[in-house]
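Okay, so here's the structure we're looking at.
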Amino acid sequence: MKSNRASLTCKHCYSPLSETSVPQAHVSAMFPEDMLLSHLGPSVLLLLPLLLPSTSAFFPNIWSLLAAPGSITHQDLTEEAALNVTLQLFLEQPPPGRPPLHLENFLGRTLLADDLFTAYFGPGAPSRRFRAALGEVSRANAAQDFLPTSRNDPDLHFDAERLKQGRTRMVGALRETLAAARALDHTLARQRLGAALHALQDFYSHSNWVELGKQQPHPHLFWPRQELQSLAQVSDPTCFDCEELSCPRNLMGSTLLTSGYFGALPSKPAGKCSHGGHFDQSSSQPPRGGINKDSTAPGFSPHHMLHLQAANLALLASIQAFNLLRSRLGDKGFSRLLDITLTSGLSFVLDTTGSMGEEINAAKIQARHIMEQRRGSPMEPTHYILVPFHDPGFGPVFTTSDPDVFWKQLNEIHALGGGDEPEMCLSALELALLHTPPLSDIFVFTDASPKDVFLTNRVESLTQERHCRVTFLVTEDPSRVHGRTRREILSPLRFEPYKAVALASGGEVIFTEDQYIQDVAAIVGDSLADLVTVPLQPPIVEPGRPLVFSVDGLLQKVRVRIHGEVSSFCIRNPAGVSQGHEEGQGLLGHTRRFGQFWIVTMNDPPQTGIWEIQVTAEGTPQVRVQAQTSLDFLFHFGIPMEDGPHPGLYPLTQPVAGLHTQLLVEVIGLSSRSSSGGPLPQFSHLVLRRVPEGTELGRLPLESTGPRERGFLSASLPPTLLSTLGRFSLELTGQDGVGQRLYRAAPQSCTVAPVLLEVRCQGIMGWLERERIAALLTRLSLQLSGPSGSLAPGNKAALTLHIASFSGPQDMELSTSVNPSFTLTSNLSRVHLEQNESTWGRLWLEIPDSAAPDSVVMVTVTATGGETNPVSLTHAFLRLLVLGPEPQDQLAAPPHSPHSFLSTTSPASHPSTLVALDRAGRGLADNFWWGTVGGVLLLLVLAF
1 MKSNRASLTC KHCYSPLSET SVPQAHVSAM FPEDMLLSHL GPSVLLLLPL LLPSTSAFFP
61 NIWSLLAAPG SITHQDLTEE AALNVTLQLF LEQPPPGRPP LHLENFLGRT LLADDLFTAY
121 FGPGAPSRRF RAALGEVSRA NAAQDFLPTS RNDPDLHFDA ERLKQGRTRM VGALRETLAA
181 ARALDHTLAR QRLGAALHAL QDFYSHSNWV ELGKQQPHPH LFWPRQELQS LAQVSDPTCF
241 DCEELSCPRN LMGSTLLTSG YFGALPSKPA GKCSHGGHFD QSSSQPPRGG INKDSTAPGF
301 SPHHMLHLQA ANLALLASIQ AFNLLRSRLG DKGFSRLLDI TLTSGLSFVL DTTGSMGEEI
361 NAAKIQARHI MEQRRGSPME PTHYILVPFH DPGFGPVFTT SDPDVFWKQL NEIHALGGGD
421 EPEMCLSALE LALLHTPPLS DIFVFTDASP KDVFLTNRVE SLTQERHCRV TFLVTEDPSR
481 VHGRTRREIL SPLRFEPYKA VALASGGEVI FTEDQYIQDV AAIVGDSLAD LVTVPLQPPI
541 VEPGRPLVFS VDGLLQKVRV RIHGEVSSFC IRNPAGVSQG HEEGQGLLGH TRRFGQFWIV
601 TMNDPPQTGI WEIQVTAEGT PQVRVQAQTS LDFLFHFGIP MEDGPHPGLY PLTQPVAGLH
661 TQLLVEVIGL SSRSSSGGPL PQFSHLVLRR VPEGTELGRL PLESTGPRER GFLSASLPPT
721 LLSTLGRFSL ELTGQDGVGQ RLYRAAPQSC TVAPVLLEVR CQGIMGWLER ERIAALLTRL
781 SLQLSGPSGS LAPGNKAALT LHIASFSGPQ DMELSTSVNP SFTLTSNLSR VHLEQNESTW
841 GRLWLEIPDS AAPDSVVMVT VTATGGETNP VSLTHAFLRL LVLGPEPQDQ LAAPPHSPHS
901 FLSTTSPASH PSTLVALDRA GRGLADNFWW GTVGGVLLLL VLAF
């Protein structure tokens with residue numbers, strides 16, 4: 001069960017069921033009004049209706065099972081549940097300055113994430129960050145079926161009748177989600193949430209809960225103190241033999257809860273059910289067949305006929321999980337978890353040596369301005385990060401979501417002491433990247449070159465892994481004689497590491513002077529508006545050749561930034577109207593100059609068509625064109641996994657040389673463009689360009705999957721590209737609704753890695769090793785405490801390292817680092833690989849007793865080319881969470897909570913209400929509970 005759709009179908013919101021619909025029931029028949037549903041969520045639970053027929057409700061995409069195109073995937077379930085709870089939040093929390101949303105406005109049509117943001121925040125509101133967060137959760141969910149450390153672990157899939165163990169691991173992952181979110185590491189929180197949801201959804205597909213006739217989620221899966229009742233024991237036979245692909249009657253008539261065995265380990269006892277399907281070794285051993293409901297295809301799922309019912313319950317349970325997190329984190333914390341926002345965080349890296357007084361003051365002015373102007377608005381930053389540095393130290397990192405706390409901390413930063421140039425800038429930047437949310441901007445204020453140049457390549461890779469853009473504001477004043485001591489002759493190339501990091505991250509290096517820093521620093525506020533970079537041709541200034549860019553009707557607030565030793569420039573619009581470099585209002589826009597830095601804000605709306613910029617300068621000036629638009633795209637890479645029980649795409653952070661790789665594109669803003677009823681914009685081709693030269697490497701057709709308004713596209717990267725190392729950029733080309741050309745560029749360049757390098761956490765031990773030790777401890781009357789896979793102070797965690805070459809012989813040296821500086825040892829330091837060879841290594845991470853509870857650890861593995869080629873090749877990053885002592889019952893709701901989600905008592909002890917919709921989709925206004933109960937449970941049923 002896998003895919004990637006951030007949409008919600010309410011097209012048939014409780015419409016009459018057809019004669020072939022299953023089951024033939026009204027809401028009241030499936031969920032009687034006297035049923036107590038407090039376990040479904042807080043006071044308001046909106047479950048918008050989904051008709052999930054096998055023919056059209058879930059569109060096929062690159063993750064869909066080709067053998068079962070009507071199957072509902074893990075990603076579908078995850079994103080449907082997230083959209084339900086997000087809409088619920090929007091309905092309960094009207095946006096400031098805008099009218100409240102009404103449920104009836106979402107009935108009778110397919111709802112997309114773009115629609116939610118447009119309705120809540122206003123026309124043109126970008127859902128890019130929200131959809132990226134959903135993608136993180138969904139990919140982490142799907143990866144559970146691919147990762148070597150998780151795909152065969154029965155505890156992570158509720159297989160092999162390990163139901164108690166499965167619940168322990170699932171609840172543990174949810175606890176880790178909460179801990180990581182409270183520690184403001186939402187990337188790790190989303191990864192753990194994806195793992196938890198995968199297991200939760202698998203319960204309904206891999207167990208016989210549906211076959212037992214259950215029509216609601218299991219009431220005790222989230223309550224660790226509640227005993228799982230009526231579990232089949234090892235001596236209880238559960239299945240008959242079935243030699244057909246489809247096995248509708250292979251379960252014995254028992255009322256015991258069971259799940260299927262998969263593969264060779266653990267071995268299937270006599271009389272037990274298998275998972276089933278072509279790739280399950282255990283299904284060839286009597287009793288043959290299986291009970292999984294993963295898909296609609298008999299070849300994969302012997303109980304395929306119950307796939308929709310299992311998906312129904314899995315969706316209900318997933319909504320419960322999201323509501324649990326919302327009730328524990330609060331609305332603000334939950335919004336940060338799913339990045340339900342329009343803006344990025346505010347992240348500063350500040351040089352605090354004695355010469356930096358003006359720069360620090362400029363950072364304070366900009367931060368104060370942003371906080372005052374945006375407080376309480378949708379554009380208020382959700383995260384604030386501050387990392388100071390000097391010589392020889394850097395840090396500590398300060399993170400908060402409270403603007404007042406951030407301002408207090410920032411206001412305590414002063415320029416003190418001196419220090420030789422260079423400084424520990426890249427170390428501080430690396431620390432900021434480890435704590436800054438993805439898709440954020442980081443601003444570095446300094447007047448010195450980096451001392452830690454050796455970190456350049458690692459920081460470049462980390463900016464791409466985090467999808468963060470880094471802008472360096474460098475004050476270089478040759479006349480300065482105070483504050484900065486220079487004891488050595490400095491290289492004119494000393495700032496090249498900054499340029500390399502800026503190029504890799506999609507940022508820039510801006511050189512200015514103290515007297516202009518406050519004005520130049522205004523770009524901080526501009527960058528928080530989620531601007532897109534408009535591609536230039538050529539991408540760098542060439543003498544005598546104009547820079548060309550295209551403006552379409554979906555761009556607004558276009559800005560041109562030019563900095564360098566510029567003597568003049570001229571901007572020309574498609575009608576031939578020109579404007580020079582003179583300051584003030586011109587024919588095309590308003591120009592401001594601050595030393596060697598120009599900002600030209602074009603008049604709105606800008607004329608559509610081809611624009612030109614002609615620049616005359618010494619050296620190579622930097623030119624950047626940015627604009628606001630709701631039409632943008634996200635992308636990531638994947639490897640097709642076609643053989644195995646769960647076909648799909650294995651996610652990659654970057655393409656690997658020699659490995660068949662797909663590029664997956666998710667276009668954002670299409671549905672908001674279709675609201676007017678006009679034609680949709682359409683991207684048709686992917687253009688690959690060498691960075692920084694801009695040379696075109698290839699032009700590939702984009703294949704659309706499903707309805708166009710969903711915006712899912714894919715392309716297969718050419719082998720010629722994947723055999724050539726180096727950076728390349730991505731551009732999408734197409735046409736808007738009226739036939740004008742469209743261009744959108746990815747904010748960051750990409751790199752082809754020469755090898756596949758992965759590091760994963762095995763936890764404290766694998767499941768089989770853990771079971772053997774647990775059995776021994778049981779005989780000794782001892783207990784093994786703590787969930788498998790968690791890190792705790794005083795423990796040693798096993799990490800697995802996998803490295804593979806697909807393009808030719810490779811000699812590599814491996815090095816490791818960890819932040820904070822815990823002890824990390826490895827049994828693999830050098831490796832030689834021939835083409836299509838791989839090897840595995842083991843790392844041991846020691847967590848000291850002094851480790852802070854609920855803190856995040858980042859492990860980095862670097863592969864270099866050895867003595868003959870010492871350039872860093874590629875990096876692998878792994879985020880881990882150190883858990884504190886397990887709370888008494890972290891997931892239980894506090895007594896008498898009006899928003900109880902989980903309780904230490906039976907969920908039936910908390911009454912709730914149910915309001916159904918009639919067949920026309922109207923609320924039952926005459927229902928007594930509608931007018932009297934403050935917290936209405938509005939349940940629009942999933943009908944089949």
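Sequential numbering of the sequence shown, starting at 1, is according to the UniProt record's numbering. Cβ atoms here follow ideal geometry from the backbone N, Cα and C, with glycine treated the same way. These numbers were taken from a predicted model, which means no experiment stands behind them.
Counting of Cβ neighbours within 10 angstroms places ALA575 among the exposed residues, the total staying below 16. For ILE639, the enclosing beta strand (DSSP E) has its first and last residue at 632 to 641. A contact is defined here as three or more CB-CB pairs under 8 Å, and the stretch 323 to 336 fails this definition with respect to the stretch 223 to 238. The beta carbon of GLU460 is closer than 7 Å to those of ALA500, VAL501 and ALA504 in its chain, skipping five residues each way along the sequence. Here the C-alpha atom of PHE348 lies approximately 42 Å from the C-alpha atom of ASP202. As summarised for the stretch 356 to 436, the continuous alpha helix (DSSP H) elements at least 4 residues long and confined to that stretch are 357 to 374, 403 to 411 and 425 to 435, given in chain order.
Boundaries of the beta strand (DSSP E) harbouring SER729: 726 to 735, taken from the DSSP string. In the DSSP secondary-structure assignment, MET602 is bridged to GLY589. Contact check between the stretch 653 to 660 and the stretch 796 to 806: three or more CB pairs, one atom from each, fall below 8 Å, which counts as touching.
Assignment of ASN323 by DSSP, reduced to helix, strand and coil, places it in the helix class. For GLU618, the closest C-alpha among the options HIS307, LEU652, GLU565 and ARG710 is that of GLU565.
In the structure shown, MET252 falls within a coil segment according to DSSP collapsed to helix, strand and coil. Around the C-beta of PRO148, fewer than 16 other C-beta atoms lie within 10 Å, and the residue is accordingly described as exposed.
With respect to LEU536, VAL548 sits close: the two C-beta atoms are nearer than 9 Å. In the DSSP assignment, TYR120 falls within the alpha helix (DSSP H) that extends over 113 to 121. Secondary structure note for HIS802: its beta strand (DSSP E) is the uninterrupted segment 796 to 805. Between LEU462 and LEU251, the alpha-carbon positions lie close to 51 Å from each other.
The beta-carbon separation of THR616 and PRO754, rounded to 41 Å, does not stay under the 8 Å limit for a contact. By alpha-carbon distance to HIS278, the top candidate from PRO298, THR399 and THR382 is PRO298. Take VAL818, set aside five residues on each side of it, and the residues of its chain with a beta-carbon closer than 8 Å to its own are LEU824, LEU845, VAL857, MET858, VAL859 and THR860, in chain order.
Of all alpha-carbon atoms in GLU211, ALA183 and GLY172, the one lying nearest the alpha-carbon of LEU193 is that of GLY172. In its chain, beyond the 5 residues on either side, ARG469, GLY506 and THR533 have a beta carbon closer than 7 Å to the beta carbon of PRO747.
Contact between PHE495 and SER449 holds, with the beta-carbon distance rounding to 5 Å and staying under 8 Å. Boundaries of the alpha helix (DSSP H) harbouring SER461: 456 to 466, taken from the DSSP string. Beta-bridge annotation (DSSP): PHE594 is paired with PHE597.
In this model, GLU358 and THR512 are separated by some 12 Å (Cα to Cα). Of the residues THR177, LEU756 and SER246, the one whose Cα lies closest to the Cα of ARG328 is THR177.
Here the alpha carbons of LEU686 and LEU700 stand approximately 5 Å from one another. Using a Cβ distance threshold of 9 Å, LEU713 and VAL665 count as a contacting pair.
At least 9 Å separates the beta-carbon of LEU881 from that of ALA143. Using a Cβ distance threshold of 9 Å, SER344 and ASP530 count as a contacting pair.
Under DSSP, PHE511 takes part in a beta bridge, and its partners are VAL474. Under the criterion of beta carbons closer than 8 Å, HIS581 and PHE569 qualify as touching, at roughly 5 Å. Where ALA189 is concerned, the enclosing alpha helix (DSSP H) starts and stops at 186 to 206. Here ASP811 is bridged, per DSSP, to HIS832. The beta-bridge partner set that DSSP reports for LEU350 consists of PRO388 and PHE445.
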